[in-house]
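Scroll down for the structure; my scribbles are underneath it.
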């Protein structure tokens, strides 16, 4: 499995897990992060969306263009959540979710580069072996 696909699969596992927790036991997850409990349905809706997104990431983990786009969108999650915290709209703990996304984005970006370098080295090796 290419390195970038592996990074996406781990991220998918994380997103599915968070989504399932928000869908099934949202206040348990909120309490773990020091956030106020809620009875609003929206937290469960977000959990369902996150769960589904994690499934899509798992399935798309071998598609390079998807992986490239995910680097930018996951970095954007960090920027937006940090902005919410800096603007006083959210508790600082919310930024932790953005940090996870940013770390995942960096991992995928580095993995894409490593996969490209490995593919380039393989191509050079194959070309050299094919010469008489």
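Numbering (our numbering), first residue to last: 1 to 132.
Where is the CB? At the ideal position from N, CA and C, for every residue including glycine.
Values in this document were obtained by computation on a predicted structure and should not be read as measured data.
- The alpha carbon of residue 104 has as its nearest neighbour, out of 39, 119, 8, the alpha carbon of 8.
- For residue 14, the CB contacts under 8 Å within the same chain, skipping 5 residues up- and downstream, are 54, 100, 104 in chain order.
- Taking each of 117, 120, 110 in turn and checking the Cα distance to residue 6, the smallest one comes out for 110.
- Rounded to the nearest angstrom, the gap between the Cα atoms of residue 41 and residue 26 is 10 Å.
- The DSSP-derived three-state label of residue 41 is coil.
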